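Notes to accompany the following structure.
There are 2 protein chains.
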Amino acid sequence: MEHAGNGRQKARPGRLDRGIVMRAALNLVDEHGLEALSMRRLGQVLKRDPMALYRHAAAGRKEVLAGIAELVLDELQPFADDTHWQTQLRRIAHELRRVCLLHPNVVPLLVTGPLSTPLGLRPAGTLKPLEQILGILIRAGFGPADALHVYRTFYGFLYGHILNELQEYVADPEENEALLRLGLYRLPLRDFPHLRRLAPELLDYDGSEELDQGISILLAGLGQQLSHR
Amino acid sequence: MEHAGNGRQKARPGRLDRGIVMRAALNLVDEHGLEALSMRRLGQVLKRDPMALYRHAAAGRKEVLAGIAELVLDELQPFADDTHWQTQLRRIAHELRRVCLLHPNVVPLLVTGPLSTPLGLRPAGTLKPLEQILGILIRAGFGPADALHVYRTFYGFLYGHILNELQEYVADPEENEALLRLGLYRLPLRDFPHLRRLAPELLDYDGSEELDQGISILLAGLGQQLSHR
DNA sequence: GCCTAATGTCTACACTGTAGGTACATTCAC
DNA sequence: GTGAATGTACCTACAGTGTAGACATTAGGC
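Chains D and Y are the protein sequences, given in the same order. The numbering of the first sequence is the working numbering, which starts it at 1 and goes up by one. The numbering of the second sequence is the working numbering, which starts it at 230 and goes up by one.
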């Protein structure tokens with residue numbers, strides 16, 4: 001699969017580098033979850049001594065995790081920024097959603113990883129979306145400070161939606177239905193009247209549609225704020 | 230600290246129960262972070278054999294984590310629901326924010342914990358806010374299905390904001406300032422013009438204010454959606 | 001050739017979650 | 001009371017984990 005056959009002499013196991021290690025780690029996490037990522041297992045996958053990873057790729061497990069997150073964010077595809085700012089925001093949202101759904105196991109890293117990593121020290125790749133959105137908003141007429149607030153609201157909502165959607169999403173829909181019904185009927189009707197009535201709606205969840213609706217609400221609010229000044 | 234001196238005979242170490250264990254675990258996580266929570270260390274704090282925990286409190290570490298999350302959510306204080314629906318939503322938001330800031334180390338559990346726990350199987354305590362907000366929205370005039378969508382948007386935004394705020398928040402503000410300046414000046418001006426200009430605004434972050442602004446945007450959008458049907 | 005620096009490999013330590021067994025205490029039926 | 005049954009406590013053991021440190025091997029420069 002991987003095996004970037006570097007053309008030096010010591011090509012026996014295929015020379016190791018940071019990129020290869022990180023990609024292997026991402027594969028591992030995608031397939032077997034975050035907990036499956038251990039230095040030893042990673043070494044096993046790469047057919048290398050676990051300690052070799054420390055020399056080439058990372059100073060420790062944490063750094064591997066950070067590397068994975070960065071790798072996933074690098075999958076975000078850039079856009080031409082010629083359309084209306086609202087459609088641009090919409091596109092960005094769907095693009096982030098797309099990438100996150102491709103790597104659901106990595107999402108916890110994305111949302112909680114940068115915790116306690118001060119903004120100034122984050123890798124440039126992580127800051128690009130921020131800069132991009134600031135640009136869009138400022139060109140749309142927001143003042144720089146307002147643009148920052150709006151960015152936070154927008155991105156906050158975005159991450160929130162993605163977390164929501166990942167919770168809603170369950171592998172097997174049929175099992176999901178059974179579980180849901182069982183679970184809901186367990187709840188006392190007097191305490192959870194609305195929730196129990198909404199069982200059918202809970203079952204057909206369309207994440208993309210849901211995201212669009214949320215953004216529409218946000219944009220309506222934003223438009224209003226923009227015109228009121 | 231804990232030591233609920235139960236009045237039986239074998240009161241030497243003070244009889245163990247699930248509540249005590251969970252509270253001790255929460256303390257541990259609050260003070261030393263999620264990684265510090267191990268069954269062995271928890272046993273040490275409680276002066277019990279680690280294996281005793283398995284008998285009394287939980288089937289494993291995962292269950293302890295779930296218990297912690299539940300415990301934190303139980304700290305949410307209920308409201309009288311007599312005011313305007315918008316003020317109610319605002320209160321709920323601030324209340325959740327308050328509790329999360331009290332237990333920042335637990336937030337990752339709250340946002341990613343219920344992942345892959347189907348909605349129907351979550352503990353009733355976790356579902357109460359959902360039911361509550363559905364009620365508020367339906368009484369405000371939303372149809373049940375719309376109320377569900379709005380709930381998702383609202384809660385998604387809420388969790389997103391909290392994650393954002395926890396990222397912004399750093400222990401020592403002075404160090405924060407130094408780091409930020411250092412970090413931002415490292416970024417090439419041509420690629421990050423807006424971000425570098427916003428350094429001062431990045432420094433004084435008021436989470437409560439920020440949350441309020443976001444909610445205002447949301448509510449403006451919601452009001453518009455509500456009147457358009 | 002040899003010297004230096006980089007790289008690979010192995011061992012070892014201090015941890016982790018938790019299955020399984022054993023010794024003790026308490027409780028209940030009679 | 002006695003005996004059985006049940007619950008509790010504790011220990012040991014196993015298969016993992018991250019990673020520091022020492023050692024062997026190799027590559028490159030001269």
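We put the CB at the ideal spot given by N, CA and C, even for glycine. Just so it is clear, the structure is predicted and the values come from calculations on it, not from any experiment.
Curious, which full-length alpha helix (DSSP H) runs of at least 4 residues does the region 84-128 of chain D contain? If we require 4 residues or more, the alpha helix (DSSP H) runs fully inside the region 84-128 of chain D come out as 85-102, 107-112.
Could you check which residue in Y:ALA287, Y:ASP433, Y:LEU331 has the C-alpha nearest to that of ASP460 (chain Y)? Lying before the first or after the last residue shown, residue 460 (chain Y) is absent from chain Y, which here runs from 230 to 458.
Can at least three beta-carbon pairs, one atom from the region 389-396 of chain Y and one from the region 96-110 of chain D, be found at a separation below 8 Å? Cβ pair count under 8 Å is below three, so no.
Span of the alpha helix (DSSP H) around HIS194 (chain D): Walking along the first sequence from the start, residue 194 (chain D) turns up at place 194. Its alpha helix (DSSP H) spans residues 193-197.
Beta carbon proximity, ALA93 (chain D) to chain Y, threshold 8 Å: Taking the first sequence and counting its residues from 1, the one referred to as residue 93 (chain D) is at position 93. No, ALA93 (chain D) does not count as interfacial toward chain Y.
Closest Cβ-Cβ distance between THR112 (chain D) and chain Y: below 8 Å? Within the first sequence, residue 112 (chain D) is the residue found at index 112, counting from 1. Judged by the 8 Å Cβ criterion, THR112 (chain D) is in contact with chain Y.
State the Cα-Cα distance for the pair PHE192 (chain D) and LYS357 (chain Y), rounded to the nearest angstrom. Within the first sequence, the letter at position 192 stands for residue 192 (chain D). Within the second sequence, the letter at position 128 stands for residue 357 (chain Y). Rounded to the nearest angstrom, the two C-alpha atoms are 8 Å apart.
Can you tell me whether ASP212 (chain D) is helix, strand or coil according to DSSP? Position 212 of the first sequence, counted from the start, is the residue given in the question as residue 212 (chain D). Residue state, collapsed to three classes: helix.
Identify, in the order they occur along the chain, each residue of the same chain with its Cβ nearer than 6 Å to the Cβ of LEU365 (chain Y), setting aside the five sequence neighbours on each side. Stepping through the second sequence from its first residue, residue 365 (chain Y) is reached at position 136. Note on residue identity: the sequence assigns Ile, not Leu, to residue 365 (chain Y). For ILE365 (chain Y), where only same-chain residues beyond five positions count, the Cβ hits under 6 Å are TRP314, GLN317.
Expressed to the nearest angstrom, what Euclidean distance is found between the alpha-carbon atoms of ARG90 (chain D) and GLY141 (chain D)? For the purposes of this step, residue 90 (chain D) is taken as the residue at position 90 of the first sequence. For the purposes of this step, residue 141 (chain D) is taken as the residue at position 141 of the first sequence. Straight-line Cα distance between these residues: approximately 17 Å.
Cutoff 8 Å; reference LEU455 (chain Y); Cβ partners in own chain excluding five residues on either side: Locating residue 455 (chain Y) in the second sequence gives position 226, where the first residue counts as 1. Hits under 8 Å: ALA369, GLY370, PHE371.
In whole angstroms, what separates the C-alpha of PRO347 (chain Y) from that of ARG152 (chain D)? Within the second sequence, numbered from 1, the residue matching residue 347 (chain Y) stands at position 118. Within the first sequence, numbered from 1, the residue matching residue 152 (chain D) stands at position 152. Between the C-alpha atoms of PRO347 (chain Y) and ARG152 (chain D) there is a straight-line separation of about 29 Å.
Does DSSP put GLN77 (chain D) in a helix, a strand or coil? For the purposes of this step, residue 77 (chain D) is taken as residue 77 along the first sequence, with counting starting at 1. In the structure shown, GLN77 (chain D) sits in coil (DSSP, three-state: anything other than H, G, I, E or B).
Are GLY207 (chain D) and GLY385 (chain Y) touching if we call contact CB-CB under 8 Å? Translated into the one-based positions of the first sequence, residue 207 (chain D) becomes position 207. Translated into the one-based positions of the second sequence, residue 385 (chain Y) becomes position 156. No.
Please confirm whether PRO187 (chain Y) has its beta-carbon closer than 8 Å to some beta-carbon of chain D. With chain Y covering only 230 through 458, there is no way to say anything about residue 187 (chain Y).
Measure the CB-CB distance between LEU447 (chain Y) and ILE217 (chain D) and report whether it falls below 8 Å. Against the second sequence, residue 447 (chain Y) aligns to sequence position 218. Against the first sequence, residue 217 (chain D) aligns to sequence position 217. Result yes, Cβ atoms of LEU447 (chain Y) and ILE217 (chain D) sit closer than 8 Å.
Where the alpha helix (DSSP H) containing ALA376 (chain Y) begins and where it ends: Taking the first residue of the second sequence as 1, we reach residue 376 (chain Y) at position 147. For ALA376 (chain Y), the enclosing alpha helix (DSSP H) stretches over residues 373-397.
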